[in-house]
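First comes the structure, then the notes that go with it.
In the working numbering, the protein residues as written are -11 to 224.
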């Protein structure tokens, strides 16, 4: 993929068009056309060599950190999935002791996937009732704001340009959903004990459900792209 990214295609196109124009010019002034052709060949050789060197340099730098970036993203998404299920929806997997460790892990992952599907199938009011019963009744510590900032720091590195556009798009959506969810929860708690409490809870609660559902959709999509299951690395 890296071989086709970051190429000056517009410059290549202009050179091709220049060759076409040179061919047409050949009929009018043969000598002048030859001079232009030689200049164009020199330009192409220079551009191709320099371009290839730059692309190889970028690819080399990316290969050095690719595993680390992929690991950090997968770990972050995996932790976020667990926190959403456990803290927001009180999810507790059924662990069957007679199964081997790999089978237990696969079974737990399936239970998590099924739970996310169940959450997305809920009516918004039912989902809000579940959140209000436990998660929203506790003090909010700004968790989603912290996670959004951590994700943004990863996206803001120079190496994020090497990620697939679909992955970056989904990570940006996840970042925005978490920031909005953080603000929604702050709004929900803004009323305190005064007479405006019902208004803020109703408005904030509606937005909480909306952004929580979109956040879960992004987590599901990112898992499908391979950003969830963490492979433990061996230290050198």
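For glycine and all other residues, C-beta sits at the position ideal for the given N, C-alpha and C. If you're wondering where the values come from, they're calculated on a predicted model, not measured in any experiment.
Limits of the unbroken alpha helix (DSSP H) element including residue i
| i | result |
| --- | --- |
| residue 118 | 112 to 121 |
| residue 131 | 131 to 143 |
| residue 203 | 185 to 212 |
| residue 165 | 153 to 176 |
| residue 109 | 89 to 109 |
Contacts around residue i, its chain only, beta-carbon distance under 7 Å, and the 5 residues preceding and following it disregarded
| i | result |
| --- | --- |
| residue 68 | 135 and 207 |
| residue 184 | none |
| residue 122 | 78 |
Per-residue burial, residue i [other beta carbons within 10 Å of its own, 16 or more giving buried]
| i | result |
| --- | --- |
| residue 76 | buried |
| residue 144 | exposed |
| residue 126 | exposed |
| residue 80 | exposed |
| residue 166 | buried |
| residue 215 | buried |
| residue 200 | buried |
| residue 212 | exposed |
| residue 220 | Only weak support is given to the placement of residue 220: the predicted model assigns it a pLDDT of 47, under 50, and the question is left unresolved by the model. |
| residue 111 | exposed |
| residue 100 | buried |
| residue 192 | buried |
Inter-residue CB distance, residue i and residue j (contact presumed, cutoff 8 Å)
| i | j | result |
| --- | --- | --- |
| residue 57 | residue 147 | 6 Å |
| residue 196 | residue 169 | 6 Å |
| residue 198 | residue 189 | About 15 Å; that fails the 8 Å criterion. |
| residue 108 | residue 204 | 6 Å |
| residue 210 | residue 65 | 5 Å |
| residue 95 | residue 87 | 7 Å |
Cutoff 8 Å; reference residue i; Cβ partners in own chain excluding five residues on either side
| i | result |
| --- | --- |
| residue 103 | 73, 77 and 79 |
| residue 128 | 173, 174 and 177 |
| residue 156 | 143 and 148 |
| residue 133 | 166, 167 and 170 |
| residue 92 | 83 and 84 |
Cβ shell of residue i (< 6 Å), same chain only, five flanking positions each side left out
| i | result |
| --- | --- |
| residue 117 | none |
| residue 61 | 215 |
| residue 71 | none |
| residue 162 | 206 |
| residue 187 | none |
| residue 222 | Residue placement at residue 222 is poorly supported in this model, since its pLDDT is 47, which falls under 50; the coordinates still yield a value, given next. Once the five neighbours on either side are set aside, residue 222 has no close Cβ partner at all. |
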